[in-house]
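Residue numbers (our numbering): 2 to 103.
Laid out in structure tokens, this is it:
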């Protein structure tokens, strides 16, 4: 979200949070999907010899992948929006009231 504020000059508000979350949606989902597809044979091939360690490890990695994906797509944007409501940025106040207008 800071990239949108610093580089593009967008105002730090709820719309910025939604825009940042929507821009990150496809890369996060694609990364999670490709990783899950790569780990699926290890996770579901538990009956083959030699996979006593790899199978449970793949299941654990998939669980972490699901939880981190949900964290990135749901929790972090919600926290960012809450942060915007609780802590308005100082530069937003400066734009609202020019220096000489005091």
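Ideal Cβ positions, reconstructed from N, Cα and C, are used throughout, including at glycine.
Simplified DSSP state of residue 27, which is helix, strand or coil: helix
Per-residue burial, residue 57 [other beta carbons within 10 Å of its own, 16 or more giving buried]: exposed
Boundaries of the alpha helix (DSSP H) in which residue 78 is found, first to last residue: 77-87
Beta-carbon proximity check, residue 22 vs residue 85, cutoff 8 Å: no
Cα-Cα separation between residue 63 and residue 32, rounded to whole angstroms: 12 Å
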